[in-house]
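This report concerns only the one structure given below.
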Amino acid sequence: MFTKLSIASIAITGLAIMVSIKFMQVPSTPALDPDPWWGPGEPRPDDTTIRPFEIDIAKEDIDSLKLRLDLPLRITPPLEGANFTYGMNQNTLEKIVAYWKDSYDWKQREKRLNQYPHFKTQIEGLDIHFLRVAPQLPENQEVKVFPLLMVHGWPGSFVEFYNILPLLTTLQDRSNVVFEVICPSIPGFGFSQSSIKQGLAQMETAQIFLKLMKRLGFEKFYIQGGDWGSLVVNLMATLYPENILGVHTNFIMARTPGSLAKMVLGSVLPTGIVMDEKDGNRLYPLSKLFSRLLRESGYLHIQSTKPDTVGAALNQSPVGLAAYILEKFSTWTHKENPHLPDGGLLQEDFPLSLDQMLDNICVYWFTGTITSSMRYYAENSGQAETLDIMDRIPCLVPAGLSSFPQELLDMPKSLAAHKFYNIVYYAEHTEGGHFIAMERPNLLAQDIHQFVMTVEKGRVL
Ligand SMILES: *[C@@H]1O[C@H](CO)[C@@H](O)[C@H](O)[C@H]1NC(C)=O
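Start counting the sequence shown at 1; every next residue gets the next number (the numbering used here).
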């Protein structure tokens, strides 16, 4: 038995070494059209003015939403004892729709969303929306200010950052840095215009956001993201190292041949050979990870292939849209939430407030961007080859990684190091999930402050 196992191990190791040698050369960066035009009409120079923008949803749009929410609900009662394991529990949905109709006041919420300055500017033919939040500098105290670009994900939006913004733009305990924070909306999400042409994926987004930061006068800046935001900022760090002071992410993904080989080998080889015990305990058995991914990634396959079909339904019905998005807020904040009758959403200690989740849903509803946001998956799948190459190009700028136990994908430092060659900060948290900037803004803000201070200290030495 033992010999059989060791022969198998040697064979697998040999194979892995051969494969990694084949992939060891760093590929060259795929070419990217430096000046595409995604908007309507003929390509022409962008209008580069930066226009202040205020959210002001027209009365007729608010009335139209109310009309739809007032329609009798067509509820399919959940199966007995199913809770959220079949998706959005419709008894819970009924309660949330009642709250949305009777208690949630959009005009009040809109005021809150307008508390930070919004802007739009045209890039590559599209109006790009962003928040730009200036720091509040304390008097008589030496503080360094750094620009920080923060990128949201799906089914989130710029709304994800409202809880964390005050913690980044003011001085915090044990920190001597504050941030000027720029939160753009990815094209096709919320108030950023959608491309009318095919092919606007992560690479293109990275280029648009670099142009945005340069237009705002920032040649060098920090970047942060989760979900799609993390993939976009990782690309920015890999493509534009001369502009990026450091990259921080709370969605840790290193899809390199080395990290994947190590992950698979570690699952068959005895502990300690490629994977130490602590990391092994986090990752294995892989079947647990894969079965969660399989259970939770149906949306990803639909959106990567036929986003417009489901999009048609969601854009007609605010109730359907809420169900689709709320299911993600439930399941991605805690692995066990599908086993609760309300998916956790109505529990007192649920880390996200219903008002904030509805703000985010309203942004998708009023802008009519659920379909274009879902298309982002299809566009990125269409560029899998380019993105695979990018994954194999090391990220050399200082990286800060924050790992949260309820996150969908999570990697120990030893695996992440196959992509991020310069990890200066790695935090492993004991609580928190996918929407961490909203859920536990304190934890993420602390990590960002610590990360940037670490980078800056290193720079002086
Ligand atoms: C559903 O919730 C009930 C009550 O909390 C619990 O007893 C039951 O085990 C749950 N079932 C599933 C399938 O999650």
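Every residue, glycine too, gets a C-beta built ideally from N, C-alpha and C.
In angstroms with no decimal places, state the Cα-to-Cα distance between residue 310 and residue 322. Position 310 of the sequence shown holds residue 310. Position 322 of the sequence shown holds residue 322. Going from the Cα of residue 310 to the Cα of residue 322 covers about 13 Å.
Out of 412, 408 and 137, which has the shortest C-alpha to C-alpha gap to residue 401? On the sequence shown, residue 401 is found 401 positions in, with the first residue counted as 1. If we check each option's Cα against that of residue 401, 412 comes out closest.
At what residues does the alpha helix (DSSP H) containing residue 258 begin and finish? Your numbering for residue 258 matches position 258 in the sequence shown. Note, residue 258: alpha helix (DSSP H), 257 to 268.
Count the C-beta pairs between the segment 336 to 354 and the segment 85 to 96 that are closer than 8 Å, then say yes if the count reaches three, no if not. yes
Residue range of the unbroken beta strand (DSSP E) whose run includes residue 376: Here residue 376 is taken as the residue at index 376 of the sequence shown, counted from 1. Here residue 376 belongs to no beta strand (DSSP E); instead the alpha helix (DSSP H) covers 370 to 382.
Flag residue 166 as yes when its Cβ comes closer than 7 Å to any non-hydrogen atom of ligand 1, and as no otherwise. Taking the sequence shown and counting its residues from 1, the one referred to as residue 166 is at position 166. It does not: the Cβ of residue 166 is nowhere closer than 7 Å to a heavy atom of ligand 1.
Output the boundary residues of the beta strand (DSSP E) element that contains residue 144. Looking up residue 144 in the sequence shown gives position 144. Residues 144 to 151.
Which whole-angstrom value is the C-beta distance of residue 433 and residue 333, which I expect to be below 8 Å? Your numbering for residue 433 matches position 433 in the sequence shown. Your numbering for residue 333 matches position 333 in the sequence shown. Correct: roughly 4 Å between the Cβ atoms.
Unbroken alpha helix (DSSP H) run spanning residue 304, endpoints: Start at 1 with the first residue of the sequence shown, and residue 304 comes out as number 304. Looking at the DSSP string, the run of the alpha helix (DSSP H) that includes residue 304 is 298 to 305.
Let me know if residue 67 comes out buried or exposed under the rule of 16 or more other beta-carbons within 10 Å of its beta-carbon. Working through the sequence shown from its first residue, we reach residue 67 at position 67. Exposed, because fewer than 16 other Cβ atoms sit within 10 Å of the Cβ of residue 67.
For a test of the three-state rule: what should DSSP assign to residue 139, helix, strand or coil? Here residue 139 refers to the residue found at position 139 of the sequence shown. Looking at residue 139 - three-state DSSP - the assignment turns out to be coil, as it is neither helix nor strand.
With contact counted as at least three CB pairs below 8 Å, one residue from each stretch, are the segment 286 to 303 and the segment 367 to 379 in contact? yes
Does the distance between the C-beta of residue 345 and the nearest non-hydrogen atom of ligand 1 fall short of 7 Å? Position 345 of the sequence shown, counted from the first residue, corresponds to residue 345. No, the beta carbon of residue 345 sits no closer than 7 Å to any heavy atom of ligand 1.
Residues of its chain near residue 119, where Cβ-Cβ distance is below 7 Å and the 5 sequence neighbours each way are ignored: Within the sequence shown, the letter at position 119 stands for residue 119. Excluding residues within five positions, the ones whose Cβ falls inside 7 Å are 50, 51, 52, 53, 130 and 132.
With a threshold of 7 Å, establish whether the CB of residue 340 neighbours any heavy atom of ligand 1. Translated into positions along the sequence shown, residue 340 becomes position 340. Yes, since a heavy atom of ligand 1 falls inside the 7 Å radius drawn around the Cβ of residue 340.
Own chain residues within Cβ distance below 8 Å of residue 422, not counting five before or after: Counted from its first residue, the sequence shown places residue 422 at position 422. Closer than 8 Å at the Cβ level, and outside the excluded window around residue 422, lie 395, 396, 397, 398 and 399.
By the 10 Å Cβ neighbour count, where 16 or more other Cβ atoms means buried, how is residue 439 classified, buried or exposed? Residue mapping note: residue 439 aligns to position 439 of the sequence shown, counting from 1. Residue 439 is buried by the Cβ-count criterion.
Between which residues of its own chain and residue 236 is the CB-CB distance below 7 Å, once the five residues before and five after are set aside? Position 236 of the sequence shown, counting from 1, holds the residue named residue 236. Counting only Cβ-Cβ distances below 7 Å, and skipping sequence neighbours, we find 206, 209, 210, 223 and 244.
Once you ignore the five residues that flank residue 144 on each side, which residues in its own chain have a CB closer than 6 Å to its CB? Counting from 1 along the sequence shown, the entry for residue 144 is found at position 144. Within the same chain, residue 144 has close Cβ partners 177.
Measure the C-alpha to C-alpha separation of residue 137 and residue 124 and round it to an integer number of angstroms. In the sequence shown, residue 137 corresponds to position 137, counting from 1. In the sequence shown, residue 124 corresponds to position 124, counting from 1. Taking the straight line joining both Cα atoms gives about 35 Å.
Could you please give the first and the last residue of the uninterrupted beta strand (DSSP E) stretch that includes residue 183? Position 183 of the sequence shown, counting from 1, holds the residue named residue 183. Start and end: 177 to 184.
So is the beta-carbon of residue 170 under 7 Å away from any non-hydrogen atom of ligand 1? Taking the sequence shown and counting its residues from 1, one reaches residue 170 at position 170. False, no ligand heavy atom lies under 7 Å from that Cβ.
Residue 89 beta carbon near ligand 1 (any heavy atom closer than 7 Å): Working through the sequence shown from its first residue, we reach residue 89 at position 89. Residue 89 Cβ: outside cutoff for every heavy atom of ligand 1.
Would you report the Cα separation of residue 184 and residue 47, rounded to the nearest angstrom? As a first step, residue 184 is located in the sequence shown; it is residue number 184 there, counting from the start. As a first step, residue 47 is located in the sequence shown; it is residue number 47 there, counting from the start. Taking the straight line from one Cα to the other gives about 18 Å.
To the nearest angstrom, how far is the alpha carbon of residue 363 from that of residue 88? Locating residue 363 in the sequence shown gives position 363, where the first residue counts as 1. Locating residue 88 in the sequence shown gives position 88, where the first residue counts as 1. Approximately 20 Å between the Cα atoms of the pair.
Given residue 166 as reference, the closest of 83, 265, 181 and 11 once Cα atoms are compared: Along the sequence shown, read from residue 1 onward, the residue named residue 166 stands at position 166. Nearest of 83, 265, 181 and 11 to residue 166, Cα basis: 181.
Would you say the beta carbon of residue 337 comes nearer than 7 Å to a heavy atom of ligand 1? For the purposes of this step, residue 337 is identified with residue 337 of the sequence shown, where counting begins at 1. Outside the cutoff, so no.
Cβ-heavy atom distance between residue 454 and ligand 1 below 7 Å? Residue numbering aside, residue 454 sits at position 454 when the sequence shown is read from its first letter. Not so, every heavy atom of ligand 1 lies at least 7 Å from the Cβ.
So, does the segment 155 to 171 touch the segment 441 to 450, judging by three or more C-beta pairs under 8 Å? yes
Roughly how many angstroms lie between the CA atoms of residue 198 and residue 234, to the nearest whole one? Position 198 of the sequence shown, counted from the first residue, corresponds to residue 198. Position 234 of the sequence shown, counted from the first residue, corresponds to residue 234. Straight-line Cα distance between these residues: approximately 22 Å.
Nearest CA to the CA of residue 62: which residue from 217, 366 and 312? As a first step, residue 62 must be located in the sequence shown, where it is residue number 62. The option with the nearest alpha carbon to residue 62 is 366.
Sequence ranges, beta strand (DSSP E) only - wholly within the segment 186 to 246, length at least 3: 221 to 225
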